[in-house]
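Protein chains in written order, with this note's numbering: chain Z, 7 to 201; chain D, 7 to 201. To start, the structure itself, in structure tokens.
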DNA sequence: GTCTATAAGGTGATAGAC
DNA sequence: GTCTATCACCTTATAGAC
């Protein structure tokens, strides 16, 4: 495909981000060079620096973008009337949203150690916001008697770990469809919450 | 501490492995150089090659060693009479064993993508053996009526993901002691299994 | 906005002295 | 068994031509 010099600035940026996301997820931040990302997009390495000040900022912006997307999406979908409805919505939302962005999910907790300290703190903040969203649902359900949970903070971490684990094995076209997986996990989460 | 040339061959090997384990866990396989590992042990880089043929083999042997230790340890501890007893033992074993070897656990699923294809397959095999150990307990419990689980294969993956998640937040001296954490998770696993 | 060329330094692994 | 020295190559990032 022909490329006219200087005419694609608005699509080159996203193409660089897409390539970086895929390569970082597949091989790891430290193992992927700027030359490799550039080659994937059809550029020379130097051209990348028109779009990011450095490699670290590219990584961080991918991770931060994923987490803010996640938080915004859940805020939009959190519409249940009862704690039980909301927990069900959270379970199904988390599975679907994370499967749709497997590369970003993978990076967002595999590459934490490659972040500068300030960037790391920012990402931990966003992660905790998300955990707190679930914890609040669980606490509300304990308060109104719909859940039997001993420690809602630990339970929120346990549920998120369990749900995120789907990404490690689920493949479209496998034994179970996405709705079946969502249903099986909702069964388990409901039991775990004593609902 | 003084080091006499040629007199410590039997302790240098383990020291190299310890340093590599810690550095790989903290900064990632790709980000850690052989020079850095050598410096941590007080050697020059070339000396490492008396103990490993290459960097890849060093990584793999750390990961394989961890998984075979895990399988052997569970085989020794799997002594419960009923599925419910065995599930409780598994829950508490997994939490304790993994917390005791946080670096090895971290590496063993963060660095999978840095393994050669043959090494990757070998490690997946070991991981599946462990998952199957739990799945068998769950299936036995379904068969004798002590558990109410829809899909024992999925449930085994969910439980392992949930339990391994403890490693991401638990710190000795924090709000909860290890026995408290084990008790809280056993509560959740028991509910999830419908026991 | 992209290119080529380059700076300054790090990489895994090996050879041969001791 | 460890050292020093080295090979061949890769790394991030920048400068300046176009």
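Beta carbons are placed, not taken as given, at the ideal position from N, Cα and C, and that holds for glycine.
For residue 130 of chain D, the nearest beta carbon of chain Z is not closer than 8 Å to its own beta carbon.
Per DSSP, residue 64 of chain Z is one residue of the alpha helix (DSSP H) stretching across 61–83. When DSSP states are grouped into helix, strand and coil, residue 39 of chain Z belongs to the coil group. Residues of the same chain with a CB within less than 8 Å of the CB of residue 97 of chain Z, apart from the 5 flanking positions on each side, are 165, 169, 188, 191, 192, 195 in chain order. Here residue 63 of chain D is exposed. Its C-beta has fewer than 16 other C-beta atoms within 10 Å. In this chain, the alpha helix (DSSP H) harbouring residue 142 of chain Z covers 123–149. At a cut-off of 8 Å between beta carbons, residue 197 of chain D contacts chain Z. The C-beta distance from residue 116 of chain D to residue 116 of chain Z rounds to 6 Å, short enough to fall under 8 Å. Pairing residue 109 of chain D with residue 29 of chain D, the inter-Cα distance amounts to about 9 Å.
The Cβ neighbour count for residue 81 of chain D, taken over all protein chains shown within 10 Å, is under 16; the residue is labelled exposed. Using a Cβ-Cβ cut-off of 7 Å, residue 28 of chain Z is close to nothing in chain D; its nearest Cβ partner there is about 13 Å away. Residue 137 of chain D sits close to residue 162 of chain D, with the two beta carbons spaced by under 8 Å.
Per DSSP, the continuous alpha helix (DSSP H) segment holding residue 173 of chain Z begins and ends at 172–175.
For the stretch 106–132 of chain Z, the set of residues with a beta-carbon nearer than 9 Å to any beta-carbon of chain D comprises 115, 116, 117, 119, 120, in chain order. Shortest Cα-Cα distance from residue 146 of chain Z to any of Z:20, Z:154, Z:89 involves Z:89. As the crow flies, the alpha-carbon of residue 123 of chain D is around 45 Å from that of residue 154 of chain Z. Under a 10 Å Cβ-count criterion, residue 55 of chain Z is classified as exposed, with fewer than 16 other Cβ atoms of the shown protein chains found around its own Cβ. Leaving aside the five residues that flank residue 49 of chain D on each side, none in its chain has a CB nearer than 6 Å to its CB. When only Cα atoms are considered, residue 101 of chain Z and residue 53 of chain D end up about 48 Å apart. Selection D:184, D:107, D:26, D:199 evaluated against residue 159 of chain D yields D:199 as nearest (Cα-Cα).
Residue contact with chain Z for residue 175 of chain D: present (Cβ-Cβ distance below 8 Å to some residue of chain Z). Close to residue 33 of chain Z, with beta-carbon spacing below 9 Å, are these residues of chain D in chain order: 36, 119, 120. Counting along the chain, residue 191 of chain D sits inside the alpha helix (DSSP H) bounded by residues 184–199.
When only Cα atoms are considered, residue 84 of chain D and residue 99 of chain D end up about 9 Å apart. Nearest neighbour of residue 104 of chain Z by Cα position, chosen from Z:126, Z:75, Z:92, Z:91, turns out to be Z:75. Under the three-state reduction of DSSP, residue 152 of chain D is assigned to coil, being neither helix nor strand. Scanning chain Z for C-beta atoms nearer than 7 Å to the C-beta of residue 171 of chain D yields 163, 164, 167, reported in chain order. Contact annotation, residue 22 of chain D with residue 38 of chain D: C-beta distance approximately 12 Å; criterion of less than 8 Å not satisfied. Apart from the 5 residues on each side of it in sequence, residue 43 of chain Z sits with its Cβ closer than 7 Å to the Cβ of 22, 25, 26, 29, 54 in its chain, given in chain order. In summary, residue 51 of chain D is exposed, with fewer than 16 beta-carbon neighbours lying within 10 Å of its beta-carbon over all protein chains present.
Taking a C-beta cut-off of 9 Å against chain D, none of the residues of the stretch 62–84 of chain Z qualify. The alpha-carbon of residue 118 of chain Z is positioned some 38 Å away from that of residue 151 of chain Z.
Here the C-alpha atom of residue 33 of chain Z lies approximately 27 Å from the C-alpha atom of residue 184 of chain Z.
The Cβ-Cβ distance between residue 77 of chain Z and residue 132 of chain Z falls below 8 Å. Under the DSSP assignment, residue 93 of chain D falls in the alpha helix (DSSP H) whose first and last residues are 89–106.
No Cβ-Cβ contact shorter than 8 Å links residue 86 of chain D with residue 57 of chain D.
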